[in-house]
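One structure below.
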Amino acid sequence: MGTTMRTTSCFVALAVALFSSYAMAADAPAPVAKLCVNCHGLDGNSESPLFPRLAGQRADYLVKQLKAYREQSRANAAARDYMWGMAHLLSDNEIQDVATWFAQQHVTDSTVTATADQLRLGDKLYHTGKPDAGVVACVACHGASGEGTPVAPRLAAQHSRYVVAQLKVLKTSERPAASVMQTFARNLTDQEIEALAAYVESMH
9 MGTTMRTTSC FVALAVALFS SYAMAADAPA PVAKLCVNCH GLDGNSESPL
59 FPRLAGQRAD YLVKQLKAYR EQSRANAAAR DYMWGMAHLL SDNEIQDVAT
109 WFAQQHVTDS TVTATADQLR LGDKLYHTGK PDAGVVACVA CHGASGEGTP
159 VAPRLAAQHS RYVVAQLKVL KTSERPAASV MQTFARNLTD QEIEALAAYV
209 ESMH
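Quick note on my numbering: the sequence shown kicks off at 9 and runs consecutively.
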C-alpha cells in the first residue's frame with residue numbers, strides 16, 4: 009500500500025508539473041515559446057551559463073538590449089553568433105512582449121561555487137567599489153540587492169560565468185551603449201572580476 013501511494017503521489021506531482029509547463033507555454037508570447045526557450049528557458053531561468061538568466065530582469069533594459077541586437081550595435085562574438093539573427097525577427101511590439109514576459113518571471117535559486125575570500129572581495133567591490141582606481145561601487149547603479157535600477161540591469165542571481173564574460177567584453181568597445189562601464193571594467197583585475205561575479209550570483 010505504501011509503495012502504491014508513493015507511486016501515485018509521484019505520478020500526480022509529475023502530471024501537475026507537466027500541466028504547469030503546458031499552461032506556461034500557452035501563456036507565453038509566441039517569440040518566447042518559439043525562439044527564446046531553447047537558450048533562456050521558458051521562464052527565463054537558463055540552465056547554461058553561456059546564456060543569461062532573464063527571469064526578473066528589468067523590462068526596460070531587455071527592450072534596449074533586444075533593439076541593440078537588432079540594430080547590431082551590440083557586437084561581441086556571442087551577440088553576433090546567437091542574438092543578431094533572433095532579434096532581427098522581432099518587431100517593436102514583440103520585443104516589448106518578450107521583455108514584459110521575462111520581467112514578470114520568478115528567479116530560481118542558483119548554486120554558487122566560490123570561496124569565502126572571493127565572496128568577501130566581491131561584497132567589498134559591490135558595495136564600496138575600488139576608489140583608488142576610479143571604480144564606483146556597483147550598488148550605486150545596480151541597487152542594494154542587485155535588483156537593477158532605471159539606469160542599470162538586474163545582476164542578482166545571474167550566472168557568474170556570464171557576468172565574467174560580459175565584464176571582459178565591457179573592457180572593449182563592443183558594447184558602445186555601456187561605455188560608462190568601460191573604465192570600471194578595465195580597472196578590475198581578473199581576480200576581482202571573478203570575485204564580483206561570484207558575489208552577484210549569490211545575491212537573491
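Where is the CB? At the ideal position from N, CA and C, for every residue including glycine.
Owing to the predicted nature of the structure, the values given are computational and were not obtained by experimental measurement.
Residues in the same chain with beta-carbon distance under 6 Å from residue i, minus the five sequence neighbours each way, listed in chain order, please.
{"i": "L74", "result": "A95 and I103"}
{"i": "L175", "result": "A193 and I201"}
{"i": "A145", "result": "H135, T136 and G137"}
{"i": "D125", "result": "none"}
{"i": "A83", "result": "E182"}
Taking the alpha helix (DSSP H) that residue i falls in, what are its first and last residues?
{"i": "V208", "result": "D198 to S210"}
{"i": "M189", "result": "V188 to R194"}
{"i": "C47", "result": "V45 to H48"}
{"i": "M1", "result": "Residue 1 cannot be examined here, being either before or after the span of the chain that is shown, 9 to 212."}
{"i": "G130", "result": "A124 to T136"}
{"i": "K176", "result": "S168 to V177"}
{"i": "D68", "result": "A67 to E79"}
{"i": "D100", "result": "D100 to A111"}
{"i": "A165", "result": "Segment: none, A165 is in no alpha helix (DSSP H) and carries neither H nor E."}
{"i": "V147", "result": "V147 to H150"}
Measuring alpha carbon to alpha carbon, tell me which residue in the options is nearest residue i.
{"i": "H212", "options": "A185, E55 and T119", "result": "T119"}
{"i": "A63", "options": "G156, K179 and D100", "result": "G156"}
{"i": "A111", "options": "N53, K42 and A185", "result": "N53"}
{"i": "P139", "options": "V106, T191 and H48", "result": "T191"}
{"i": "R183", "options": "L127, Y90, S81 and V172", "result": "S81"}
{"i": "D35", "options": "A148, S187, V106 and D100", "result": "V106"}
{"i": "L70", "options": "D100, L58, N84 and A85", "result": "D100"}
{"i": "A85", "options": "S187, V115 and T180", "result": "T180"}
{"i": "P57", "options": "S187, D198, Q113 and R169", "result": "R169"}
{"i": "A148", "options": "M189, F59 and T121", "result": "M189"}
If you drop the 5 nearest sequence neighbours on each side, which residues of the same chain put their C-beta closer than 7 Å to that of residue i?
{"i": "R78", "result": "A95, H96 and L98"}
When the distance is taken between beta carbons, is residue j closer than 8 Å to residue i?
{"i": "R61", "j": "H150", "result": "no"}
{"i": "V3", "j": "L178", "result": "Residue 3 is absent from the structure shown; the chain starts at 9 and stops at 212."}
{"i": "E209", "j": "L129", "result": "no"}
{"i": "A213", "j": "S153", "result": "As displayed, the chain neither begins before 9 nor continues past 212, which places residue 213 out of reach and without an answer."}
{"i": "A41", "j": "L50", "result": "yes"}
{"i": "Y90", "j": "C47", "result": "yes"}
{"i": "Y207", "j": "D131", "result": "yes"}
Tell me which residues share the same chain as residue i and place their Cβ nearer than 8 Å to its Cβ, disregarding the 5 neighbours each side in the sequence.
{"i": "Y30", "result": "Residue confidence for Y30 is low, a pLDDT of 46 falling below 50, so the modelled location carries little weight; the figure read from the coordinates is stated next. Excluding sequence neighbours, Y30 sits near nothing in its chain."}
{"i": "M9", "result": "At M9 the pLDDT is 47, less than 50, meaning the model places this residue with poor confidence; the figure from the coordinates comes in the next sentence. Cβ neighbours of M9 beyond the five flanking positions: none."}
{"i": "E55", "result": "G49"}
Hey, residue i and residue j are a contact pair by Cβ (cut 8 Å); roughly how many whole angstroms apart?
{"i": "S67", "j": "T108", "result": "With the sequence shown as reference, residue 67 is identified as Ala, and Ser is not the correct amino acid for it. About 5 Å; that satisfies the 8 Å criterion."}
{"i": "Q65", "j": "P161", "result": "6 Å"}
{"i": "V171", "j": "A205", "result": "4 Å"}
{"i": "A173", "j": "A76", "result": "With 8 Å as the limit, A173 and A76 do not qualify as a contact, their Cβ atoms being about 17 Å apart."}
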